[in-house]
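Enquirer: Add 1284 to a position in the sequence shown, counting from 1, and you land on the number used in the numbering used here.
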Amino acid sequence: MLEQLQELHVQALDELSRISEPDELELWRVRYLGRKSGVTQVLRSLATLPLEERRKVGARANEVKSALESRLIEKKRIVEEVHLISALEQKRLDVTLPGRPVSTGRSHPITQTLGEICDIFKSMGFQVFEGPDVEWDYYNFEALNIPRYHPARDMFATLWIDSEMEGRLLRTHTSPMQIRIMEKTRPPIRVIIPGRVYRYEATDATHESMFYQVEGLAVDENITLADLKGTLFEFCRRLLGQERRVRFRCDYFPFVEPGVEVAIDCLACNGGGCRLCGYTGWIEILGAGMVHPDVLRKLDIDPEVHSGFAFGLGVERIPMLRYGIEDIRLFYSNDLRFLKQF
Ligand code: DAH
């Protein structure tokens, strides 16, 4: 039995010396130190031996066992170290390689324009508010003097919300916020409302089914058409250049009286006439007017005491004119090659 132990010892060490993978170490441990290993079997059979032999064999078996155990620990350390070194070698980082550039985002051209518009009106004493995109028929039409069957509803190709509750829609303009503001606030009022609006329309180079407007409203004692003209004149020049000419002409909107259409001389041809302005020299950018007395009255504001002006501005037009962008759809198709330019 002593001989058998000796052979086992030699064989085990020999095998151990040839191992280089961590997985093989575990197999080796099971084979030479596990429950079914030779050493364990010898230790188990001790009881059957005569006393004298039992002592010798027992002592030797324990020696072999602990020798193998400590060699295993040693070997394990070496194998792991070698492994680590080769792993580090293979996955080596070349710290001298130039880094990958981090691409930084930027604000969308429409966001930039909205910011500029709001800044100009803020400097003139207007407060900025926002309102819901999903609106009631009442605010979008009814309260703005556009009752059911009024032909002006044709101007707005409306997207209706299909739900249990009748009369909900995606707002077709930001004007409903005039009503919401006047319901909650008493004059003096000076507010602007930027936001998205929606129309059920086929898209093309100049039409989108979703776009932005900025609504404005000023209500106070003694507000006149001159205030409207002065405010919008100043606004147009600050936004589009001090040399701009601004034209006011009559127009019709049910919620204002009188209503006006505001145009600026064409940025491309300075009024001479070109393709951009349809050879008229003028580009319309705003609808506006004096708030209709009926609208005020319905909100318990006495038109004999208070008057107001309102306006609605299309936002996409502005960067299109400034940068010569010919297709409105570019703003909302998320092409980074386009968006990165601003
Ligand atoms: N809401 C109108 C539109 O989308 C624009 C407009 C015209 C707004 C006249 C106004 C206004 O506040 O007074 O076509």
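The beta carbon of each residue, even a glycine, is placed where N, CA and C say it ideally should be.
Measuring alpha carbon to alpha carbon, tell me which of I1430, T1456, E1419 and N1554 ends up nearest M1449.
Expert: Closest option to M1449, judged by alpha-carbon separation, among I1430, T1456, E1419 and N1554: E1419.
Enquirer: Quick one, which of R1464, Y1433, M1466 and Y1482 has its alpha-carbon nearest L1262's?
Expert: Given that the chain is displayed from residue 1285 to residue 1626, the structure contains no residue 1262 and the question cannot be resolved.
Enquirer: Can you give me the start and stop residues for the alpha helix (DSSP H) that H1392 sits inside?
Expert: First-last for H1392: undefined, no H or E at that position.
Enquirer: Should G1571 be counted as a contact of the ligand DAH given a C-beta to heavy atom distance under 8 Å?
Expert: yes
Enquirer: CB of L1594 to nearest heavy atom of the ligand DAH: below 8 Å?
Expert: In the sequence as displayed, the identity of residue 1594 is Ala instead of Leu. Answer for A1594: yes, Cβ within range of the ligand DAH.
Enquirer: Does the contact criterion of 3 or more C-beta pairs under 8 Å hold for the region 1491-1506 versus the region 1552-1564?
Expert: no
Enquirer: Measure the Cβ-Cβ separation of F1593 and L1523 and say whether it is below 9 Å.
Expert: no
Enquirer: Taking 6 Å as the limit between beta carbons, can you name the residues of its chain near L1292, skipping five residues before and five after?
Expert: G1322
Enquirer: Considering only DSSP beta bridges, list what R1474 is partnered with.
Expert: In the DSSP output, where bridge partners are listed per residue, R1474 has A1502.
Enquirer: Is DSSP giving D1549 helix, strand or coil here?
Expert: strand
Enquirer: Among H1590, I1507, N1429 and V1546, which residue has its Cα nearest to the Cα of V1540?
Expert: N1429
Enquirer: From the DSSP output, read off the bridge partner residues of F1595.
Expert: G1500 and A1572
Enquirer: Indicate, with yes or no, if the ligand DAH has a heavy atom lying under 8 Å from the CB of G1514.
Expert: no
Enquirer: Indicate, with yes or no, if the ligand DAH has a heavy atom lying under 8 Å from the CB of G1500.
Expert: yes
Enquirer: Helix, strand or coil: how does DSSP classify C1561 here?
Expert: Coil, per DSSP.
Enquirer: M1439: beta carbon under 8 Å from a heavy atom of the ligand DAH?
Expert: yes
Enquirer: For S1591, count neighbouring C-beta atoms within 10 Å of its own C-beta (all shown protein chains included) and say buried if the count is 16 or more, exposed if not.
Expert: buried
Enquirer: Does the region 1573-1589 come close enough to the region 1535-1552 to have 3 or more Cβ pairs within less than 8 Å?
Expert: yes
Enquirer: Give me the Cα-Cα distance between C1534 and F1595, rounded to the nearest whole angstrom.
Expert: 13 Å
Enquirer: For the alpha helix (DSSP H) that F1517 lies in, which residues bound it at each end?
Expert: L1509 to L1524
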